Amino acid sequence: MQKVAFVIDGWFMRKRIYQLKTFLYNGENIRKYCLKHLLKDDQLYRIFYYDTNPLSKKGHNPVSKKQVDFEKTSVAVQQIALLESLRSTPNVALRLGSFVWQNNAWVLNQDRLKSLISKKISIDDLDENDVKPAITQKGVDMKMGLDITPIAIKKLADKLVVITGDSDVVPALKLARREGMQVLLDPLKAVTRPDLREHVDYLQTHV
1 MQKVAFVIDG WFMRKRIYQL KTFLYNGENI RKYCLKHLLK DDQLYRIFYY
51 DTNPLSKKGH NPVSKKQVDF EKTSVAVQQI ALLESLRSTP NVALRLGSFV
101 WQNNAWVLNQ DRLKSLISKK ISIDDLDEND VKPAITQKGV DMKMGLDITP
151 IAIKKLADKL VVITGDSDVV PALKLARREG MQVLLDPLKA VTRPDLREHV
201 DYLQTHV
């Protein structure tokens, strides 16, 4: 029997599941998906899920000039509901980083930017949904490493299943393998970076 631990980059998994339209994205279904990775005699140790609370700021949309309370947007409401569902899901440990809004800047949707550069559209054709705040996650990669390290060193689990597309977690994966853990990467059918693929034992997905 092997104990299996899961480490999930929530931002990555949510984006992929929405793109693939695989299942309703909530705590219960995330756990069900993880269980598909277990072999007959495997035992679930814990699912470590990493994400962020919604951006808790207000700003003015540069296109519409309207003030936006990011905590009250439909995206924020969905995120809050997701986090609450994860808190009540068995075997899940929720780890939250934070959002950083870079200089209160906004970024233009890539498709609209290409159309603007090629002069297929003009600035007057843009609407408020074509821009979004330039936010980045902070603290998530560090928290992933801080959890993987004791799991590996203390032999709390035998196998590690990592759901991510970010190679920043590679140092922790290298340590886990040195400590004797099997490391499986589930990229959810996304293109995998070579430096990430190099430091896992095998790839597997169930979408």
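In UniProt numbering, the protein residues as written are 1 to 207. Ideal Cβ placement from N, Cα and C applies to all residues, glycine included. Note that the structure is a prediction, hence the values are computed from the model and not measured.
- Ala-157 carries a coil assignment under DSSP once its states are collapsed to helix, strand and coil.
- Across the structure, Tyr-202 and Thr-192 are spaced so that their CA atoms are roughly 12 Å apart.
- Beyond the five residues adjoining it in sequence on each side, Glu-179 comes within less than 8 Å, by CB distance, of Ala-152, Ile-153 and Lys-155 in the same chain, given in chain order.
- A straight line joining the alpha-carbon of Leu-116 with that of Ile-123 spans about 7 Å.
- Check the Cα spacing between Tyr-25 and each of Leu-126, Tyr-49, Gln-110 and Leu-82: the tightest is with Leu-82.
- Shown here for Asp-158: same chain residues with a beta carbon closer than 6 Å to its own, the five before and five after excluded, namely Gln-2 and Lys-3 in chain order.
- Between Asp-42 and Asp-166, the CB-CB gap reaches or exceeds 8 Å.
- The C-alpha of Ser-74 is placed about 24 Å away from the C-alpha of Arg-31.
- When DSSP reads this structure, Ile-135 sits in a beta bridge with Trp-101.
- The C-beta distance from Arg-95 to Phe-48 rounds to 6 Å, short enough to meet the 8 Å contact threshold.
- If you look at Ile-123, you'll find it isn't in any beta strand (DSSP E); DSSP assigns it neither H nor E.
- Going by C-alpha positions, Cys-34 is about 46 Å away from Lys-119.
- Shown here for Trp-106: same chain residues with a beta carbon closer than 7 Å to its own, the five before and five after excluded, namely Pro-62, Val-131, Lys-132, Pro-133 and Ala-134 in chain order.
- Val-169 is positioned such that its CB atom lies no closer than 8 Å to that of Val-183.
- Ile-80 and Leu-196 have their C-alpha atoms some 30 Å from each other.
- Here the alpha carbon of Lys-72 sits roughly 10 Å from the alpha carbon of Lys-58.
- Straight-line measurement puts the Cα of Ser-64 at about 5 Å from the Cα of Glu-128.
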